[in-house]
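S.K.: Starting off with a structure, shown below.
There are 2 protein chains.
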Amino acid sequence: MFSGDPPATPLLGDFLAAEHGSVLDAMADWVRIPSIGAQPVHHRDVAVSAEWCAERMAAAGLEHVDVLSTRGHPAVYGDWLHADGALTALVYGHHDVQPVDPVDEWHSPPFEPTVRSGRMFGRGASDDKGQVLCHLEAIRGLLGGQGPGALPVNVKVLVEGEEETGSPHFESLLDAERERLACDVVVVSDSSMWAADVPSISTGMRGLVAFDITLRTAGRDLHSGVFGGAVPNAAHWAARLVAALHDGAGRVTLPGFYDDVRPLTAADRADMATLPLDEAAWAAAASVTCLEGEAGHSLLERLWARPTCDVTGLHSGYGGAGFKTIIPGSAGAKVTFRLVPDQSPAAVATAFEAWAPAQVPAGVHLEIHREAAIGPALTPTGHPAVAALARAISRVWGREPLFTRSGGSGPEEALGRRLAAPVLHLGVGLNADRIHAPDEGVDLDQVGRGVLAALPC
Amino acid sequence: MFSGDPPATPLLGDFLAAEHGSVLDAMADWVRIPSIGAQPVHHRDVAVSAEWCAERMAAAGLEHVDVLSTRGHPAVYGDWLHADGALTALVYGHHDVQPVDPVDEWHSPPFEPTVRSGRMFGRGASDDKGQVLCHLEAIRGLLGGQGPGALPVNVKVLVEGEEETGSPHFESLLDAERERLACDVVVVSDSSMWAADVPSISTGMRGLVAFDITLRTAGRDLHSGVFGGAVPNAAHWAARLVAALHDGAGRVTLPGFYDDVRPLTAADRADMATLPLDEAAWAAAASVTCLEGEAGHSLLERLWARPTCDVTGLHSGYGGAGFKTIIPGSAGAKVTFRLVPDQSPAAVATAFEAWAPAQVPAGVHLEIHREAAIGPALTPTGHPAVAALARAISRVWGREPLFTRSGGSGPEEALGRRLAAPVLHLGVGLNADRIHAPDEGVDLDQVGRGVLAALPC
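If you're matching them up, the sequences are chains A and B in order. Each step along the first sequence adds one to the number in our numbering, with nothing skipped, and position 284 is 296. Each step along the second sequence adds one to the number in our numbering, with nothing skipped, and position 71 is 83.
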């Protein structure tokens, strides 16, 4: 895979030309399965998605295909291990997807995949079913009827079912399946490129800790006329808690939060500065009209190399039409922290669990539930596998890739640590993919290039 | 009504004994109609409720019964004007009800009235259908088959359909119907007594202005990994806005908010101090474990005579199970102010509409929609009608009533001002009625006493 020059790709190009409709159909079939891991009503759908994936692996020519049960949602495994003496690559992706609300903001239903202007829209089209399919279709192209019937490297494919819910059982799975998953290099396809015409390789991801907080001030909602002025209001205390998370300079106020942050090197800063970034265009793509963040850091540093705190949900009291004269008795807040090397998810979680209750008076009751803890990850850019991936991308995209990072979080840190292998990112997503938001979609040209660059890259 | 001693009540007592089941059935029938004025899906039910009320008025013996259309929900009118030379009393109540969420916190469904332990539970049982029925049933007792066929005073009954949505068309209605509604005194039954064994007369209500605020930071929710650290978060800015509404002393920060507040007199403070208040028991009844409020004021002053601000709803981002790694692009907040004499709803609204946008930076967009504006009201306690009402209450409850106020808001200020008549409160609710909350209910003994004290009190 990364020994010497990559094979030419005309064979996969022919395959893609012939099988374009079949690849699209497969994507649509998979996206149609509403495998939302966070929502109990969709738990059965995650299992259906795993079965679909297993069938597609077998159809591609992978062997030992197996749906791996966990204490949560199942992962799927398949391999092809006949390249004697060659390296073994473990391809990682996930088949679970994010919730779809606010569903009325989608221009086409999230689980009715629709192609418009060269993009397929649907939840999971980019994150991550479309990216996983790049590998499965490349394998099908090489092992299938028209292909050579062999891959240039040994390949193991692991498609997780709990990535969007923080991979709570992934480490246990890696531990239990250590032998079966042993590899020389991990290839992750769950990230984005800088732009369709500026290919890039992501070399780092942030970590994540997430909390679901319930705040109670009363046993029930209270009439704001009868009780207003003398009782605590859960919406007020939740707002004060959220407002207290940041200072005026955009820094997270949690004590000790920045203590373990590894400072950027001059080389890191130089790499980021070479990226062609138009802040106004970036803001427009983000659909925002102002930027903000931690003082003293550039936009890319804020996104990739600085830790953050974002409240992802805040709910209290009446939210319907008109108004309701109540004092809310409870509030819910979802608080996430993104972490960078060398922060520890456990240390941040412990600090937050001590800090939050200290922000409210006695009589305001907090329940804090830890939802996820994922470590930050960095790929050593000097590794020969990184150079090999860069060559493959150059060949397909026609341009040397730049190094980026991703501000997102995933199980990459656990993969690299548990399997003791370097983690490479071949991500074909784009910022315009609106992952996790309404109108998620994927650029079909990027998917095609992903097939060409996947194996044998 | 308030000239000399009230007539004895044995006749209404006999009526109640004979018709107890019929009164209960009528309450249950009316409560069964989900006349939630705030929710478009229930608009037809408000109209059905008006028709039900009109039929009950006619059955009670009222004449000129009429459903009064407004640009919103209909009111209902009926009168009996044959007490030549006697005064004319206008009885006011409302037939619309509050929303019922969180519906899963009700022990019996909100629109399936259920009697347990001497209380009827159901949305509207206390606020205000049960209280309106006190008057309608008293009239039926006197005008019906067993009664004298006459009332001691002229009576007009006006039952509004928009009280719970801030009475947006009530002033127009009062204006349009000025002649038909002309009266010497207004009797409002939409309030509470201090306790079943401590009867009281409410002499004041707070005013209200309410706002529905939408805050937008982005055109959509954004992935918190991809964008986190560099874009504004709507949940954060909504929280900061809410947190900025109060200072550390529990005072509202809106500039000029307290400028027009009429200070309490020594007599006002003395009246409040005579009320038997056990703060711990009050807190327990409110289901709270701490009290808070404006520094320098007693509990009752905070509730009745000081203005407040309560956020009644705050919603942003994901609120389902698990978590979703987004940066919310929008947030909604419902903000209400309770006002006291001599604050002006219009002045407070104008101040808020200037203050709120100044709390957020450019790029965070606020839409502020004014939902309601109701003035504060005070009854002159020296008026002879107040003394007459006190005698009627003494006779039925066996104890002199104390003077209280209500912290709630209603159209009483408009009634008194538009009809140029003193406003009396004969409220039979209790603090335990949980109005506006799950498990709203009414004490059936209080309803019975309300019938006895209503007319001819």
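C-beta atoms are modelled at their ideal positions from N, C-alpha and C, and glycine is treated no differently.
Assuming Glu-452 (chain A) and Ser-120 (chain A) make a contact with CB atoms under 8 Å, what is their CB distance in whole Å?
M.R.: The pair is not a contact, with the Cβ atoms about 11 Å apart (cut-off 8 Å).
S.K.: When the Cα atoms are used, what is the spatial distance from Glu-412 (chain A) to Ser-214 (chain A)?
M.R.: Going from the Cα of Glu-412 (chain A) to the Cα of Ser-214 (chain A) covers about 13 Å.
S.K.: Are the C-beta of Glu-412 (chain A) and some C-beta of chain B separated by less than 9 Å?
M.R.: Not closer than 9 Å to any Cβ of chain B, the Cβ of Glu-412 (chain A) fails to qualify, so no.
S.K.: What does Tyr-330 (chain A) reach in chain B if we use C-beta pairs closer than 8 Å?
M.R.: Going along chain B in sequence order, the residues near Tyr-330 (chain A) (Cβ under 8 Å) are Pro-111, Asp-113, Thr-324, Gly-325, Lys-346.
S.K.: To which residues of the same chain is Ala-358 (chain A) closer than 7 Å at the C-beta, ignoring the five residues directly before and after it?
M.R.: Once the five neighbours on either side are set aside, the close Cβ partners of Ala-358 (chain A) are Ala-385.
S.K.: Taking 8 Å as the cut-off, does the segment 109-126 of chain A touch the segment 192-202 of chain A (at least 3 CB pairs, one atom from each stretch)?
M.R.: No: fewer than three Cβ pairs fall under 8 Å.
S.K.: Going by beta carbon distance, what residues of the same chain come within less than 7 Å of Glu-117 (chain B), once the five residues before and after it are set aside?
M.R.: These residues qualify, in order along the chain: Pro-450.
S.K.: Is the shortest distance between the beta-carbon of Glu-306 (chain B) and the beta-carbons of chain A less than 9 Å?
M.R.: So, interface residue.
S.K.: Tell me, please, whether the CB atom of Met-69 (chain B) is closer than 9 Å to any CB atom in chain E?
M.R.: No chain E is present in this structure, whose protein chains are A and B.
S.K.: Tell me the start and end of each unbroken beta strand (DSSP E) in the segment 91-131 of chain A that is at least 3 residues and wholly inside, in chain order.
M.R.: Here the runs fully enclosed are 100-106, 126-128.
S.K.: Sort B:Ser-328, B:Leu-427, B:Ala-345, B:Pro-423 by Cα distance to Thr-177 (chain B) and report the nearest one.
M.R.: Checking every option, the nearest Cα to that of Thr-177 (chain B) belongs to B:Pro-423.
S.K.: Sort out for me which residues DSSP pairs Cys-321 (chain B) with in a bridge.
M.R.: Beta-bridge pairing links Cys-321 (chain B) to B:Phe-349.
S.K.: Out of B:Pro-353, B:Leu-442, B:Asp-259, B:Arg-417, state which residue places its alpha-carbon closest to the alpha-carbon of Asp-283 (chain B).
M.R.: If we check each option's Cα against that of Asp-283 (chain B), B:Arg-417 comes out closest.
S.K.: Helix, strand or coil for His-327 (chain A) per DSSP?
M.R.: Residue state, collapsed to three classes: strand.
S.K.: Quick one: does Gly-159 (chain A) have its CB under 9 Å from some CB of chain B?
M.R.: Judged by the 9 Å Cβ criterion, Gly-159 (chain A) is not in contact with chain B.
S.K.: Counting only Cβ pairs nearer than 8 Å, list the residues of chain A close to Phe-335 (chain B).
M.R.: Chain A residues near Phe-335 (chain B): Ala-50, Thr-177, Gly-178, Ala-222, Asp-224, Thr-324, Gly-325, Lys-346, Thr-348, Glu-383, Ala-384.
S.K.: What residues in its chain sit with their C-beta under 6 Å from that of Arg-83 (chain B), if we drop five residues either side in the sequence?
M.R.: Here the set comprises His-181.
S.K.: In this structure, does DSSP put Leu-390 (chain B) in helix, strand or coil?
M.R.: The answer is strand: DSSP assigns Leu-390 (chain B) an E or B state.
S.K.: Output, in chain order, the set of chain B residues within a Cβ distance shorter than 8 Å of Cys-195 (chain A).
M.R.: Going along chain B, no residue has its Cβ under 8 Å from Cys-195 (chain A), so there is no contact; the nearest lies around 25 Å.
S.K.: Distance, Cα to Cα, Phe-484 (chain B) vs Ala-278 (chain A)?
M.R.: With chain B represented from 13 up to 469, any question about residue 484 (chain B) goes unanswered, as that position is not in the structure.
S.K.: Need the endpoints of the alpha helix (DSSP H) that Ser-184 (chain A) sits in, please.
M.R.: 182-188 is the span of the alpha helix (DSSP H), which, as asked, contains Ser-184 (chain A).
S.K.: Please classify Arg-232 (chain A) as buried or exposed, where buried requires at least 16 other C-beta atoms within 10 Å of its C-beta.
M.R.: Buried, since its Cβ has 16 or more Cβ neighbours within 10 Å.
S.K.: Report yes or no: is there a C-beta of chain B within less than 9 Å of the C-beta of Ile-338 (chain A)?
M.R.: Output row for Ile-338 (chain A): interface = yes.
S.K.: Hey, could you find the ends of the alpha helix (DSSP H) Gly-23 (chain B) is sitting in?
M.R.: Residue identity check: residue 23 (chain B) is Leu in the sequence provided, not Gly. Looking at the DSSP string, the run of the alpha helix (DSSP H) that includes Leu-23 (chain B) is 22-43.
S.K.: Smallest Cα separation from Leu-163 (chain A): which of A:Leu-80, A:Leu-24, A:Asp-271, A:Ala-261?
M.R.: Among A:Leu-80, A:Leu-24, A:Asp-271, A:Ala-261, the Cα nearest to that of Leu-163 (chain A) is on A:Leu-24.
S.K.: Starting from the beta carbon of Glu-117 (chain B), find every residue of chain A whose beta carbon is closer than 8 Å, and list them in chain order.
M.R.: Chain A residues near Glu-117 (chain B): Arg-232.
S.K.: Which residue marks the beginning of the beta strand (DSSP E) containing Thr-416 (chain B), and which one marks its end?
M.R.: From DSSP, the beta strand (DSSP E) with Thr-416 (chain B) extends over 414-418.
S.K.: Taking the alpha-carbon positions, what's the Leu-289 (chain B) to Leu-312 (chain B) distance?
M.R.: If I take the Cα positions, the gap works out to 9 Å.
S.K.: Near Val-221 (chain A), what residues of its chain come up, given a Cβ to Cβ distance below 6 Å and the 5 sequence neighbours on each side ignored?
M.R.: Only Phe-349, Pro-357, Val-360, Ala-361, Ala-385 meet the Cβ criterion.
S.K.: Quick check: the Cα distance between Thr-229 (chain A) and Gly-268 (chain A), rounded to an integer number of angstroms?
M.R.: Rounded to the nearest angstrom, the two C-alpha atoms are 29 Å apart.
S.K.: Indicate whether the contact test is met: 3 or more Cβ pairs, each with one atom in the segment 67-74 of chain A and one in the segment 140-151 of chain A, closer than 8 Å.
M.R.: The answer is yes - the segment 140-151 of chain A touches the segment 67-74 of chain A, with three or more Cβ pairs under 8 Å.
S.K.: Out of curiosity, what's the CA-to-CA distance linking Thr-320 (chain A) and Val-77 (chain A)?
M.R.: Near 39 Å, if we compare the C-alpha coordinates of Val-77 (chain A) and Thr-320 (chain A).
S.K.: For Ala-29 (chain A) and Gly-156 (chain A), what's the separation of their Cα atoms in angstroms?
M.R.: Approximately 15 Å between the Cα atoms of the pair.
S.K.: For the beta strand (DSSP E) that contains Arg-83 (chain A), what are its first and last residues?
M.R.: Neither: Arg-83 (chain A) is in no beta strand (DSSP E) and is coded neither H nor E.
S.K.: Under DSSP, the alpha helix (DSSP H) around Ala-250 (chain B) begins and ends at which residues?
M.R.: It spans 246-255 - the alpha helix (DSSP H) in which Ala-250 (chain B) sits, taken as one unbroken run.
S.K.: Compare the C-beta of Phe-364 (chain A) against all C-beta atoms of chain B and say whether one is closer than 9 Å.
M.R.: Judged by the 9 Å Cβ criterion, Phe-364 (chain A) is not in contact with chain B.
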